[in-house]
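Q:
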Amino acid sequence: MIPLSDEQWGCISHYFENQPKHRVGRPRSCPRAVLNGILWVLINNEKWQNLPSSYPASQTCYLKWLEWKRTGLIAKVLSELGIAGDFDVRTTRR
């Protein structure tokens, strides 16, 4: 499940294709890597600060999780991946 296989990513990548470009600051993290980090936290029921360094920064994943949760994107992605459950995600990074 984690990391997402190419087949799984292929099923959901269309959700991430039209993200707006920004012109200043650091380059955006790869949405696939960010989603893998979010899934790691969700599935393992861990704190964001415990996210392994092999994923993007915990703050990056946390902020994207908040954004994608607010817009309903994370629910669509989890549904399409067949991941069910009421995840008790800690909403604080610490």
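Residue numbers for the sequence shown follow the UniProt record's numbering, beginning at 1 and rising by one. We put the CB at the ideal spot given by N, CA and C, even for glycine. Bear in mind that the values here come from a model prediction, so they are computed numbers and not experimental data.
With DSSP collapsed to three states, give me the class of Glu7.
A: The count along the sequence shown starts at 1 and reaches residue 7 at position 7. Looking at Glu7 - three-state DSSP - the assignment turns out to be helix.
Q: Measuring CB to CB, does Gly37 end up less than 8 angstroms from Leu51?
A: Residue numbering aside, residue 37 sits at position 37 when the sequence shown is read from its first letter. Residue numbering aside, residue 51 sits at position 51 when the sequence shown is read from its first letter. Pairing Gly37 with Leu51 gives a Cβ-Cβ distance under 8 angstroms.
Q: How big is the Cα-Cα spacing for Thr92 and Asp6?
A: Mapped onto the sequence shown, residue 92 falls at position 92. Mapped onto the sequence shown, residue 6 falls at position 6. The predicted model places Thr92 with a pLDDT of 45, which falls under 50 and marks its position as unreliable, so this point remains unresolved.
Q: Alpha carbon to alpha carbon, how far is Ser58 from Arg44? Give it in angstroms, no decimals.
A: One-based indexing of the sequence shown puts residue 44 at position 44. One-based indexing of the sequence shown puts residue 58 at position 58. Sequence check: residue 44 is Asn here, not Arg. Their Cα atoms are separated by approximately 14 angstroms.
Q: Let me check understanding here. Comparing Cα to Cα, which of Lys64, Trp40 and Trp65 lies closest to Ser53?
A: Counting from 1 along the sequence shown, the entry for residue 53 is found at position 53. With distances taken between Cα atoms, Ser53 lies closest to Trp40.
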